[in-house]
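Reviewing the structure listed below.
In our numbering, the protein residues as written are -10 to 183.
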């Protein structure tokens, strides 16, 4: 819904669309997004500088790579030609974490989304959850997210692990293998049997 709410015919709409894709694709922190430089963007990955100025590479899909390339080459208009940061605000200055927070709220409102918190950190959680749901390994996820240890990632995803275990329980339920409901409906046609 948020992607659909971005007007791709405008500079700001295209920027917002690209920012949302990058946040969802990579799970990077808002400070890392704001600090992303042109020279850090590659066809299949971006290089970010996280907490403690630790550098790491995070993969991006060809779709997101093309989106970033198009934004940088057609929509990005910095007031200072020497500015290397990727994302610009409406005045041609680098976006700030507060600016990203505001643009996400604006897009959320245009999309008519209510009752859900929308922030760069929400996208970070969504990335992590979807990565694991699709079979990704927690050790690799920890590195992608720039966590100091796997324990930090596990703590970060504590609520996901509980919910995931609950959902998996239904898949592997011993009672479900008995097909009690199927037997009950098959037996209804016979008199005296239940």
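Each residue gets a CB set at the ideal place from its N, CA and C atoms; glycine is no exception.
Nearest-angstrom Cα separation, counted from residue j out to residue i
i	j	result
residue 67	residue 61	10 Å
residue 43	residue 85	20 Å
residue 139	residue 113	16 Å
residue 39	residue 7	20 Å
residue 230	residue 78	Outside the shown range of the chain (-10 to 183) lies residue 230, about which nothing can therefore be said.
residue 53	residue 15	10 Å
residue 98	residue 118	24 Å
residue 96	residue 103	12 Å
residue 75	residue 58	10 Å
residue 262	residue 41	There is simply no residue 262 to check, as the chain begins at -10 and stops at 183 in what is shown.
Nearest-angstrom beta carbon gap, residue j and residue i [assumed within contact, 8 Å]
i	j	result
residue 46	residue 34	5 Å
residue 17	residue 37	5 Å
residue 127	residue 133	That pair is no contact at about 10 Å.
residue 1	residue 116	Contact flag wrong, Cβ pair sits at about 23 Å.
residue 10	residue 56	6 Å
residue 89	residue 19	5 Å
Assigned exposure category for residue i - 16 Cβ within 10 Å defines buried
i	result
residue -10	exposed
residue 183	Note that residue 183 has pLDDT 46, beneath the 50 cutoff, so the model's placement of it is unreliable and the number below is only indicative. Looking at its Cβ environment, which holds fewer than 16 other Cβ atoms inside 10 Å, residue 183 is exposed.
residue -2	exposed
residue 70	exposed
residue 142	buried
residue 50	exposed
residue 27	exposed
residue 5	buried
Cutoff 8 Å: residue i Cβ touching any chain D Cβ
i	result
residue 20	The structure shown has no chain D; it contains just one protein chain.
For this session: Entirely within the region 83 to 133 and at least 4 residues each: give me those alpha helix (DSSP H) ranges in chain order.
Result: With a minimum length of 4 residues, the continuous alpha helix (DSSP H) runs that stay inside the region 83 to 133 are 86 to 100, 109 to 122.
For this session: Enumerate, from N- to C-terminal direction, the unbroken alpha helix (DSSP H) stretches of 4 or more residues contained entirely within the region 39 to 71.
Result: 51 to 59, all fully within the region 39 to 71.
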